[in-house]
Amino acid sequence: MKKIKTITCIGAGYVGGPTMAVIASKCPEIKVNVVDINEKRIAQWNDADVNNIPIYEPGLAEIVAETRDKNLFFSTEVDQAIDEAEMIFISVNTPTKTYGIGKGKAADLKYIELCARQIARVAKDDKIVVEKSTLPVRTAEALTSILHNTGNGVKYHILSNPEFLAEGTAIQDLLKPDRILIGGDSDTQEAREAMQALVDVYAHWLTDEQILTTNVWSSELSKLTANAFLAQRISSINAMSELCEKTEADVDEVAKAIGMDSRIGPKFLKASVGFGGSCFQKDILNLVYISQSLGLQEVADYWEQVIIMNDHQKRRFAQHIVKTLYNTVSGKKISLLGWAFKKDTNDTRESAAIYVSDYLLSEHAKIVVYDPKVSSEQVYADLEYLGTHDPAFIREQVKVVSSPTEACFQAHAVAIMTEWNEFNTYNWKEIYQHMMKPAFLFDGRNILNRYEMKEIGFEVYAIGKGPSIQIA
Ligand code: NAD
Ligand code: UDX
Numbered sequence: 204m205k206k207i208k209t210i211t212c213i214g215a216g217y218v219g220g221p222t223m224a225v226i227a228s229k230c231p232e233i234k235v236n237v238v239d240i241n242e243k244r245i246a247q248w249n250d251a252d253v254n255n256i257p258i259y260e261p262g263l264a265e266i267v268a269e270t271r272d273k274n275l276f277f278s279t280e281v282d283q284a285i286d287e288a289e290m291i292f293i294s295v296n297t298p299t300k301t302y303g304i305g306k307g308k309a310a311d312l313k314y315i316e317l318c319a320r321q322i323a324r325v326a327k328d329d330k331i332v333v334e335k336s337t338l339p340v341r342t343a344e345a346l347t348s349i350l351h352n353t354g355n356g357v358k359y360h361i362l363s364n365p366e367f368l369a370e371g372t373a374i375q376d377l378l379k380p381d382r383i384l385i386g387g388d389s390d391t392q393e394a395r396e397a398m399q400a401l402v403d404v405y406a407h408w409l410t411d412e413q414i415l416t417t418n419v420w421s422s423e424l425s426k427l428t429a430n431a432f433l434a435q436r437i438s439s440i441n442a443m444s445e446l447c448e449k450t451e452a453d454v455d456e457v458a459k460a461i462g463m464d465s466r467i468g469p470k471f472l473k474a475s476v477g478f479g480g481s482c483f484q485k486d487i488l489n490l491v492y493i494s495q496s497l498g499l500q501e502v503a504d505y506w507e508q509v510i511i512m513n514d515h516q517k518r519r520f521a522q523h524i525v526k527t528l529y530n531t532v533s534g535k536k537i538s539l540l541g542w543a544f545k546k547d548t549n550d551t552r553e554s555a556a557i558y559v560s561d562y563l564l565s566e567h568a569k570i571v572v573y574d575p576k577v578s579s580e581q582v583y584a585d586l587e588y589l590g591t592h593d594p595a596f597i598r599e600q601v602k603v604v605s606s607p608t609e610a611c612f613q614a615h616a617v618a619i620m621t622e623w624n625e626f627n628t629y630n631w632k633e634i635y636q637h638m639m640k641p642a643f644l645f646d647g648r649n650i651l652n653r654y655e656m657k658e659i660g661f662e663v664y665a666i667g668k669g670p671s672i673q674i675a
């Protein structure tokens, strides 16, 4: 049985970086190359100060410090790294298409195809190619077709090994996953050995029970299914949150009550201003597109509703701010605490804060943002990317500051957009004293004790809480 000595990962992003760092740490005898075409990103991964690596994830810097330049290497030399490796992970981005057929829904597979063509061009000996990116079911077929038609006699085994880590807990999720999923062909001895080679990598720190092997199509589809189910739970509880607000039921109490049913379970039932992140929306849209392409319109409609509900949740939060502030926020200072799509990450992709701000900008609000991990340039880039407002207007209306006190000073309203732990530790009495009155507080994450906030003097709105505790 072949033991892997060199692994290459194409794509040094939120998945490739942390995943390979953990593999390098757990498999000291394997050389792990992480390559990317983004020179700036690679330079950051190689920064002498490990705190400057491009991704903030608790525990990641420590693992990189321990493995980098020992058996973990970051580089832009993609050809060389392909040539060297027996096993190649493809962990490049697979965003929603913004052009052509499937625009707005289908996954854009151009980066995946470029990787496959590059491997086909460079490889001189047999390779195991691992799909780490999230891909539409049956992508392995396209990869096989590209790789096997080069005519240079190199043999490829294609495996699907989707990643289930969540940002903010990536290292814990990688060290102690609920399961690792490996999809592959078991028809031939060689194919079974390829699958076993990947199982052996994970077996350095996981048990047989944690490593699930399936056929390649089940593995590809399981990833989209997992994300669809997770996002569906959030949209379901968010739908109930609106009903709670009309009926004086409390969404956290409802979530607790249903979550104690072991068939439902307590996780992923936290009502919020709407889910964000680079995965849920993209993967569900991809599922919707695949279903439509196969003529399964009802299946497509069913899953699309998860996105429709999420868009509604973000919009109604923003609308509620405007309505509460006497139907106008024009020229008023609205302080947004949090810009990342969840706590403990600097990732802002699809963050609810972006959409709420975009809406408030249309109402000419003056927005001040504070996030402990997100840079001002990122905030501006996110708003400009939407294309709703002129960049000059955005820079005029939006200010990004480095302290919560500054963000809230003389604000008409404060809105909590991300559930950062530090928001609970602030001196809210002092914040209240320096705000305009009445001082409005919109808790998009239900992290503050609303009774205490009311006692301080705030007019509190919390997602999914009955009208008696809303505006007094
Ligand atoms: P990312 O954008 O952070 O990283 C992708 C990297 O690939 C970029 O740095 C880009 O420069 C690089 N790249 C693109 N084309 C390349 C090429 N031809 N050669 C070399 N490098 C190239 O993306 P990510 O968040 O790491 O996601 C990667 C994949 O993993 C996606 O399919 C995503 O759906 C999936 N995924 C993401 C998460 C997550 O939490 N972010 C979790 C599970 C799965
Ligand atoms: C998700 C999946 O959880 C992970 O398995 C997959 O590999 C990638 O996509 P991620 O997007 O990093 O991970 O974070 P996740 O914890 O799933 O949160 C996604 C969004 O849902 C965040 O905006 C979060 O705040 C929100 N959320 C999550 C809720 O609003 N309520 C919840 O109960 C849980």
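Numbered per the numbering used here, the sequence shown finishes at 675, counting up by one with no gaps. All C-beta atoms, glycine included, are put in the ideal place defined by N, C-alpha and C. From a predicted model like this one, the values you see are computed outputs, not experimental measurements.
On a CA-only basis, which of the options is nearest residue i? Give me that one, please.
| i | options | result |
| --- | --- | --- |
| L312 | I322, D286, A345 and M290 | A345 |
| K576 | P221, I256 and I245 | I256 |
| N355 | F367, V332, A326 and K640 | A326 |
| L472 | E456, Q495 and A268 | E456 |
| L427 | M443, G462, N441 and S363 | S363 |
| L401 | V281, Q484 and I291 | I291 |
| A224 | N530, E260, P339 and D286 | E260 |
| A521 | K485, S533 and Y558 | Y558 |
| D328 | I322, I349 and V357 | V357 |
| I245 | F276, G303 and K379 | F276 |
Pick helix, strand or coil for residue i, following the three-state DSSP scheme.
| i | result |
| --- | --- |
| R271 | strand |
| L488 | helix |
| A675 | Reliability of the predicted coordinates at A675 is poor, the pLDDT of 38 falling under 50, and the value obtained from them is presented with this limitation in mind. Looking at A675 - three-state DSSP - the assignment turns out to be coil, as it is neither helix nor strand. |
| A543 | coil |
| F471 | coil |
| C212 | strand |
| S494 | helix |
| T299 | strand |
| S538 | strand |
| A614 | coil |
| K517 | helix |
| L446 | helix |
| I322 | helix |
| Y405 | helix |
| L499 | coil |
| E456 | helix |
| A369 | coil |
Would residue i be called buried (16 or more neighbouring beta carbons within 10 Å of its own) or exposed?
| i | result |
| --- | --- |
| M620 | buried |
| H615 | buried |
| I674 | For I674, the predicted structure reports a pLDDT of 43, less than 50, and the residue's modelled location is therefore unreliable. A value from the coordinates is still provided. Exposed: under 16 other Cβ atoms inside 10 Å. |
| K668 | buried |
| R648 | buried |
| A460 | exposed |
| L589 | exposed |
| K545 | buried |
| T391 | exposed |
| P469 | exposed |
| P365 | buried |
| D504 | exposed |
| S605 | exposed |
| L539 | buried |
| A618 | buried |
Starting from the C-beta of residue i, find all residues in its chain whose C-beta is less than 8 Å away, skip the five residues before and the five after it, and write them out in chain order.
| i | result |
| --- | --- |
| T347 | Y359 and I361 |
| T591 | D561, L564 and S565 |
| A406 | I414 |
| I672 | At I672 the pLDDT is 47, less than 50, meaning the model places this residue with poor confidence; the figure from the coordinates comes in the next sentence. Cβ within range, chain order: R653, Y654, K657, V663 and A665. |
Per DSSP, residue i forms a beta bridge with which residues?
| i | result |
| --- | --- |
| F276 | N236 |
| H360 | I331 |
| G386 | S363 and T417 |
| F626 | Bridge partners of F626: none, in fact. |
| K569 | K536 |
Closer than 6 Å to a non-hydrogen atom of ligand 3 - does that hold for the CB of residue i?
| i | result |
| --- | --- |
| R244 | What this structure holds is ligand 1 and ligand 2, not ligand 3. |
With a CB to CB cut of under 6 Å and the five nearest residues on each side skipped, what residues in its chain are close to residue i?
| i | result |
| --- | --- |
| S481 | R552 |
| G262 | I374 |
| S389 | R395 |
| P641 | E662 |
| T299 | K485 and L488 |
| H637 | F612 |
In chain order, what residues of the same chain have a beta carbon less than 7 Å from the beta carbon of residue i, not counting five sequence neighbours either side?
| i | result |
| --- | --- |
| K192 | Coverage of the chain is limited to positions 204 through 675, which leaves residue 192 absent and any answer about it impossible. |
| E507 | V491 |
| V502 | S494 |
| T270 | A224, A227 and S228 |
| C318 | I213, I293 and V295 |
Shorter than 7 Å from the beta carbon of residue i to some beta carbon of chain B?
| i | result |
| --- | --- |
| N549 | Within the model displayed, chain B is absent; a lone protein chain is all it includes. |
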